[in-house]
């Protein structure tokens, strides 16, 4: 049981960390917190990470209810999530910005009194891809304590995000533009592999369901 529990935590970590992608969020984080004092920056980051944990936890725990309400199946979530991840992975492999803003949105973000929820928590860190992956993780749940394993993974990803963004200025300086692009492409390749696997698994599940109906 303990080994299976550890496997769920590891699987959730591998699925969530590349899609939350705190390293890829560093440039945008630096822009929208530019000029903030150290205490304010820490406050905004702390609140954003709390929001990320709450959002993903709500979609994890309420995922089955949401899917039943909208008539969505697990294979459907896997295929849709795979397509979203594929698009994001393609952008990451081409070193495109993770979250595109218009000039007006960027100005509003910089001047906004509180940026912890929007755009930091949503959509920069816990956007559609992270939500789709979290919903897909409900397929790993067979007992109530499996939820606890995934919640632990979400907590670890959230804590890692806080640590990375808290040191964003140092990381950005240390890696430089080239280093950041290399890391982004590595994450993108991992995400691409995951997206293909999501789609393959979803299609196989759909085929199996159709065969069982016949």
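Numbering (the numbering used here), first residue to last: 19 to 232.
Beta carbons are placed, not taken as given, at the ideal position from N, Cα and C, and that holds for glycine.
Please read all numbers here as calculations on a predicted model, not as lab measurements.
Host alpha helix (DSSP H) of residue i (start-end)
| i | result |
| --- | --- |
| residue 105 | 92 to 111 |
| residue 133 | Neither: residue 133 is in no alpha helix (DSSP H) and is coded neither H nor E. |
| residue 39 | Here residue 39 belongs to no alpha helix (DSSP H), and DSSP marks it neither H nor E. |
| residue 164 | 162 to 184 |
| residue 141 | No alpha helix (DSSP H) contains residue 141, which DSSP labels as neither H nor E. |
| residue 13 | Any answer about residue 13 is impossible in this case: the structure gives the chain only from 19 up to 232. |
| residue 154 | 146 to 155 |
| residue 158 | Per DSSP, residue 158 belongs to no alpha helix (DSSP H) and is neither H nor E. |
| residue 81 | 81 to 88 |
Under 8 Å between C-beta atoms of residue i and residue j
| i | j | result |
| --- | --- | --- |
| residue 79 | residue 165 | yes |
| residue 179 | residue 93 | no |
| residue 139 | residue 102 | no |
| residue 111 | residue 206 | yes |
| residue 189 | residue 44 | yes |
| residue 100 | residue 194 | no |
| residue 181 | residue 36 | no |
| residue 187 | residue 71 | no |
Integer Cβ distance of residue i from residue j, believed to fall under 8 Å
| i | j | result |
| --- | --- | --- |
| residue 196 | residue 81 | Wrong, their Cβ atoms sit about 39 Å apart, outside the cutoff. |
| residue 76 | residue 144 | No, residue 76 and residue 144 are not in contact; Cβ-Cβ is about 10 Å, not under 8 Å. |
| residue 29 | residue 104 | That belief does not hold up - the Cβ atoms of residue 29 and residue 104 are roughly 19 Å apart, past 8 Å. |
| residue 154 | residue 216 | 7 Å |
| residue 50 | residue 158 | In fact, because the Cβ distance is near 34 Å, the residues do not count as touching under 8 Å. |
Cα-Cα separation, residue i to residue j
| i | j | result |
| --- | --- | --- |
| residue 23 | residue 170 | 11 Å |
| residue 89 | residue 134 | 32 Å |
| residue 156 | residue 229 | 24 Å |
| residue 91 | residue 33 | 19 Å |
| residue 60 | residue 107 | 29 Å |
| residue 38 | residue 132 | 21 Å |
| residue 176 | residue 202 | 19 Å |
| residue 67 | residue 148 | 14 Å |
| residue 167 | residue 184 | 26 Å |
| residue 161 | residue 64 | 31 Å |
| residue 137 | residue 225 | 39 Å |
| residue 128 | residue 163 | The predicted model places residue 128 with a pLDDT of 49, which falls under 50 and marks its position as unreliable, so this point remains unresolved. |
| residue 199 | residue 231 | 47 Å |
| residue 56 | residue 48 | 12 Å |
| residue 227 | residue 97 | 15 Å |
| residue 204 | residue 223 | 29 Å |
8 Å Cβ cutoff, residue i in contact with chain C
| i | result |
| --- | --- |
| residue 141 | Structure shown: chain C not included; a single protein chain is present. |
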